[in-house]
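Asks: Residue numbers (this note's numbering): 335 to 612.
The beta carbon of each residue, even a glycine, is placed where N, CA and C say it ideally should be.
Please read all numbers here as calculations on a predicted model, not as lab measurements.
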């Protein structure tokens, strides 16, 4: 994480400092919710779960080198106390992302999010320091924790966004506002929670609604082969780029096949030209 003093963190999250002898002390290490990951310079976020209360590990994380605890009650060691720990974590992530000014790429879809996120990150890492979601940590806790791993050198953030209902992705984009948004597909995963594919599309489309307009660099990348995704172009003021096998796609794949070794192969057509990809 970028270095932040405890005083600045307390101000950002609207918290009260307790048992902090030096408010200028800085968090320079990771922000963690697992006490086993606490180390020198870290900030430990104490959540109260069904079986485990993170506050019970406050002394242990400080002994391990954590600068302070972010929690919902005083714990007898340096702590920033807030009413809502999850909201505070999100506010801190939003503050850090705004400070960084890195290009934020967000993606969502019913299938393929994690593998696509990893591929995008591999490409961007060749250009500049890149932070991306580990595994599928794509919810209101995993996403801000990922954003908080960014440092002053980070130039790209690639974040996977999941949804379990209407409004979830909108909330995530408020924490980490993307400049580029990618929607892969609308399937039937979690259809029972949403009520239908149209409702899933409504939720996934919140990503493109959050993008800045085209003149400010906003770009929506949409699957031309999925009618529900393609229709999201009407929900954004960002530049729209369509991809897929459809003739309507701006970036189009043709002759898609698997080689004898099981690797995908296709002919890629872009506005800049065409190339064989294997």
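For the alpha helix (DSSP H) that contains residue 478, what are its first and last residues?
Replies: First-last of the alpha helix (DSSP H) with residue 478: 476-481.
Asks: Taking its Cβ as the centre, do 16 or more other Cβ atoms sit within 10 Å of residue 393, making it buried, or is it exposed?
Replies: Exposed, since its Cβ has fewer than 16 Cβ neighbours within 10 Å.
Asks: Sorted by chain position, which residues of the same chain lie with C-beta nearer than 6 angstroms to residue 611's C-beta, five sequence neighbours on each side aside?
Replies: 600, 602, listed in sequence order.
Asks: Please list the terminal residues of the continuous beta strand (DSSP E) segment that includes residue 393.
Replies: Segment 392-397 is the alpha helix (DSSP H) holding residue 393; no beta strand (DSSP E) there.
Asks: In chain order, which continuous runs of the beta strand (DSSP E) of length 3 or greater are located wholly inside the stretch 453-508?
Replies: 464-466, 490-494
Asks: Could you tell me which residues DSSP puts in a beta bridge with residue 350?
Replies: 415
Asks: If residue 400 sits next to residue 362, beta carbons under 8 angstroms apart, how far is it from one beta carbon to the other, in whole angstroms?
Replies: Contact doesn't hold; Cβ gap of about 11 angstroms is too wide.
Asks: Is residue 381 helix, strand or coil when you go by DSSP?
Replies: coil
Asks: If you draw a straight line from the alpha carbon of residue 608 to that of residue 456, how long is it in whole angstroms?
Replies: 22 angstroms
Asks: Which residues bound the beta strand (DSSP E) around residue 542?
Replies: Careful: residue 542 lies outside any beta strand (DSSP E), inside the alpha helix (DSSP H) at 540-543.
Asks: Between the alpha carbons of residue 504 and residue 473, how many angstroms are there, rounded?
Replies: 12 angstroms
Asks: Quick check: the stretch 415-432 against the stretch 452-470, are there 3 or more CB pairs under 8 angstroms?
Replies: The stretch 452-470 and the stretch 415-432 do not touch, with fewer than three beta-carbon pairs separated by less than 8 angstroms.
Asks: Below 8 angstroms, how does it come out for the stretch 486-495 and the stretch 518-525: are there three or more Cβ pairs, yes or no?
Replies: no
Asks: I need the straight-line Cα distance from residue 449 to residue 404, nearest angstrom please.
Replies: 32 angstroms
Asks: So for residue 571, helix, strand or coil by DSSP?
Replies: coil
Asks: Apart from the five residues just before and just after residue 374, which ones in its own chain have a Cβ nearer than 7 angstroms to its Cβ?
Replies: 363, 399
Asks: Could you give the residue range of the beta strand (DSSP E) that holds residue 402?
Replies: 402-405
Asks: Helix, strand or coil for residue 682, going by three-state DSSP, please let me know.
Replies: Residue 682 is absent from the model: the chain starts at 335 and stops at 612.
Asks: Is it right to say residue 386 is buried, meaning 16 or more other beta carbons lie within 10 angstroms of its own, or is it exposed?
Replies: exposed
Asks: Would DSSP call residue 550 helix, strand or coil?
Replies: helix
Asks: In chain order, what residues of the same chain have a beta carbon less than 8 angstroms from the beta carbon of residue 499, not counting five sequence neighbours either side?
Replies: 527, 528, 537
Asks: Would you mind sorting residue 525 into buried or exposed? The rule is 16 or more other CB atoms within 10 Å of its CB.
Replies: Residue 525 counts as exposed, since fewer than 16 other beta carbons sit within 10 angstroms of its beta carbon.
Asks: Going by DSSP in three states, residue 578 sits in which element: helix, strand or coil?
Replies: Looking at residue 578 - three-state DSSP - the assignment turns out to be strand.
Asks: Indicate whether residue 427 and residue 507 have their beta-carbon atoms separated by less than 9 angstroms.
Replies: no
Asks: Just list the residues that DSSP pairs residue 557 with in beta bridges.
Replies: 577
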